[in-house]
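Residue numbers (this note's numbering): 10 to 164. We treat Cβ as the ideally placed atom computed from N, Cα and C, and that holds for glycine. Given the structure is predicted, the values throughout are model-derived calculations rather than measurements.
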(Lines of atoms letter the chains of each structure in order from A and count residues from 1; the text may use other names and numbers.)
(Lines give C-alpha, C1' and ligand atoms only; values in the text may rest on other atoms or scores of the structure.)
Protein backbone atom coordinates (compact mmCIF):
# COMPACT_ATOMS: atom_id res chain seq x y z
CA UNK A 1 0.00 0.00 0.00
CA UNK A 2 2.85 2.40 0.81
CA UNK A 3 4.39 1.76 -2.61
CA UNK A 4 1.12 2.54 -4.41
CA UNK A 5 0.71 5.72 -2.36
CA UNK A 6 4.31 6.79 -3.08
CA UNK A 7 3.87 6.16 -6.81
CA UNK A 8 0.59 8.10 -6.85
CA UNK A 9 2.15 11.09 -5.05
CA UNK A 10 5.11 10.99 -7.47
CA UNK A 11 2.82 11.05 -10.50
CA UNK A 12 0.79 13.94 -9.09
CA UNK A 13 3.99 15.87 -8.37
CA UNK A 14 5.35 15.32 -11.88
CA UNK A 15 2.08 16.40 -13.53
CA UNK A 16 1.87 19.45 -11.28
CA UNK A 17 5.47 20.43 -12.06
CA UNK A 18 4.87 20.06 -15.82
CA UNK A 19 1.78 22.27 -15.61
CA UNK A 20 3.67 24.88 -13.58
CA UNK A 21 6.54 24.86 -16.10
CA UNK A 22 4.13 25.32 -19.02
CA UNK A 23 2.34 28.16 -17.21
CA UNK A 24 5.65 29.87 -16.39
CA UNK A 25 6.79 29.51 -20.01
CA UNK A 26 3.50 30.94 -21.25
CA UNK A 27 3.89 33.97 -18.97
CA UNK A 28 7.23 34.85 -20.64
CA UNK A 29 6.03 34.60 -24.25
CA UNK A 30 4.62 37.31 -26.51
CA UNK A 31 1.05 36.05 -26.91
CA UNK A 32 -2.22 37.46 -28.25
CA UNK A 33 -5.02 35.69 -26.36
CA UNK A 34 -2.67 32.76 -25.77
CA UNK A 35 -1.57 32.55 -29.42
CA UNK A 36 2.05 33.06 -30.50
CA UNK A 37 3.28 35.23 -33.39
CA UNK A 38 -0.11 36.97 -33.69
CA UNK A 39 -1.47 33.77 -35.23
CA UNK A 40 1.16 33.47 -37.95
CA UNK A 41 2.50 30.07 -39.02
CA UNK A 42 6.05 29.53 -37.64
CA UNK A 43 6.83 26.78 -40.16
CA UNK A 44 5.93 29.00 -43.15
CA UNK A 45 8.84 31.33 -42.38
CA UNK A 46 11.19 28.42 -43.10
CA UNK A 47 9.29 26.72 -45.93
CA UNK A 48 7.98 29.77 -47.82
CA UNK A 49 10.48 32.40 -46.72
CA UNK A 50 7.64 34.71 -45.74
CA UNK A 51 5.02 35.24 -43.07
CA UNK A 52 1.74 33.37 -43.57
CA UNK A 53 -1.34 33.79 -41.41
CA UNK A 54 -2.27 30.57 -39.62
CA UNK A 55 -5.77 29.21 -39.11
CA UNK A 56 -7.40 28.36 -35.82
CA UNK A 57 -8.45 24.92 -37.05
CA UNK A 58 -4.76 24.05 -37.53
CA UNK A 59 -3.71 24.89 -33.96
CA UNK A 60 -1.10 23.12 -31.84
CA UNK A 61 -0.62 23.61 -28.10
CA UNK A 62 3.06 23.19 -27.21
CA UNK A 63 4.32 23.61 -23.64
CA UNK A 64 1.80 26.28 -22.67
CA UNK A 65 1.81 28.14 -26.00
CA UNK A 66 -0.66 27.87 -28.90
CA UNK A 67 0.53 28.15 -32.51
CA UNK A 68 -1.61 28.45 -35.64
CA UNK A 69 -0.62 26.96 -38.99
CA UNK A 70 -1.60 27.69 -42.58
CA UNK A 71 -1.76 23.99 -43.52
CA UNK A 72 -2.04 20.53 -42.03
CA UNK A 73 1.43 19.76 -43.41
CA UNK A 74 2.98 22.66 -41.49
CA UNK A 75 1.11 21.67 -38.35
CA UNK A 76 2.44 18.11 -38.56
CA UNK A 77 5.97 19.35 -39.32
CA UNK A 78 5.89 21.55 -36.20
CA UNK A 79 4.67 18.70 -34.00
CA UNK A 80 7.75 16.65 -34.95
CA UNK A 81 10.14 19.30 -33.58
CA UNK A 82 8.55 22.44 -32.04
CA UNK A 83 11.89 23.83 -30.86
CA UNK A 84 13.11 24.06 -34.43
CA UNK A 85 10.31 26.43 -35.43
CA UNK A 86 9.48 28.44 -32.32
CA UNK A 87 10.60 32.08 -32.49
CA UNK A 88 13.58 33.14 -30.42
CA UNK A 89 13.13 35.22 -27.27
CA UNK A 90 9.55 34.07 -26.82
CA UNK A 91 8.47 35.92 -29.94
CA UNK A 92 9.52 39.34 -28.64
CA UNK A 93 11.49 41.79 -30.81
CA UNK A 94 15.05 40.49 -31.13
CA UNK A 95 16.50 43.99 -31.49
CA UNK A 96 14.89 45.28 -28.28
CA UNK A 97 15.94 42.13 -26.44
CA UNK A 98 19.52 42.76 -27.53
CA UNK A 99 19.50 46.49 -26.97
CA UNK A 100 18.23 46.54 -23.39
CA UNK A 101 16.37 43.31 -22.64
CA UNK A 102 12.93 44.82 -23.11
CA UNK A 103 9.93 42.85 -24.34
CA UNK A 104 8.64 44.77 -27.37
CA UNK A 105 5.82 43.74 -29.73
CA UNK A 106 6.71 42.57 -33.22
CA UNK A 107 5.49 42.83 -36.78
CA UNK A 108 5.11 39.18 -37.90
CA UNK A 109 6.14 40.17 -41.42
CA UNK A 110 9.53 41.49 -40.28
CA UNK A 111 11.78 38.54 -39.56
CA UNK A 112 15.14 36.94 -40.17
CA UNK A 113 16.31 33.35 -40.00
CA UNK A 114 19.78 33.05 -38.50
CA UNK A 115 21.46 29.65 -38.16
CA UNK A 116 18.10 27.92 -38.57
CA UNK A 117 16.34 30.01 -35.90
CA UNK A 118 13.48 32.49 -36.33
CA UNK A 119 13.97 36.07 -35.10
CA UNK A 120 11.14 38.63 -35.17
CA UNK A 121 11.31 42.43 -35.13
CA UNK A 122 9.28 45.55 -34.42
CA UNK A 123 8.42 47.48 -37.60
CA UNK A 124 5.94 50.31 -37.11
CA UNK A 125 5.86 54.09 -37.28
CA UNK A 126 8.88 54.33 -39.59
CA UNK A 127 10.99 52.24 -37.20
CA UNK A 128 12.11 48.94 -38.73
CA UNK A 129 14.32 47.44 -36.03
CA UNK A 130 15.58 44.73 -38.39
CA UNK A 131 17.65 47.43 -40.11
CA UNK A 132 19.20 48.42 -36.77
CA UNK A 133 19.77 44.74 -35.91
CA UNK A 134 21.61 44.16 -39.18
CA UNK A 135 24.08 46.95 -38.38
CA UNK A 136 25.33 45.20 -35.22
CA UNK A 137 23.90 41.69 -35.38
CA UNK A 138 26.63 39.74 -33.59
CA UNK A 139 26.73 42.03 -30.54
CA UNK A 140 22.95 42.43 -30.35
CA UNK A 141 22.41 38.68 -30.68
CA UNK A 142 24.91 37.90 -27.91
CA UNK A 143 23.25 40.43 -25.60
CA UNK A 144 19.76 39.27 -26.56
CA UNK A 145 20.68 35.66 -25.74
CA UNK A 146 21.99 36.77 -22.35
CA UNK A 147 18.98 39.00 -21.62
CA UNK A 148 16.50 36.27 -22.59
CA UNK A 149 18.21 33.81 -20.25
CA UNK A 150 17.76 36.31 -17.42
CA UNK A 151 14.07 36.66 -18.26
CA UNK A 152 13.31 32.95 -18.43
CA UNK A 153 15.35 32.01 -15.38
CA UNK A 154 14.46 35.08 -13.33
CA UNK A 155 18.16 35.65 -12.54
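With 16 other Cβ atoms within 10 Å as the buried cut-off, status of residue i
i	result
residue 120	buried
residue 118	exposed
residue 90	exposed
residue 79	buried
Residues bridged to residue i [DSSP beta-bridge criterion]
i	result
residue 122	127
residue 152	For residue 152, which the question treats as bridged, DSSP gives no partner whatsoever.
Straight-line gap, residue i to residue j (C-alpha atoms, nearest Å)
i	j	result
residue 107	residue 49	23 Å
residue 148	residue 126	17 Å
residue 112	residue 145	19 Å
residue 143	residue 128	12 Å
residue 66	residue 130	26 Å
residue 84	residue 77	8 Å
residue 97	residue 135	24 Å
residue 62	residue 101	18 Å
Residue i, DSSP secondary structure in three states
i	result
residue 113	coil
Cβ-heavy atom distance, residue i to the ligand ZN, below 7 Å
i	result
residue 55	The model depicted lacks the ligand ZN and carries no ligand whatsoever.
Own chain residues within Cβ distance below 6 Å of residue i, not counting five before or after
i	result
residue 75	43, 44, 68
residue 94	51, 52, 87
residue 110	156
Own chain partners of residue i with C-beta closer than 8 Å, once the 5 adjacent residues on each side are dropped
i	result
residue 159	110
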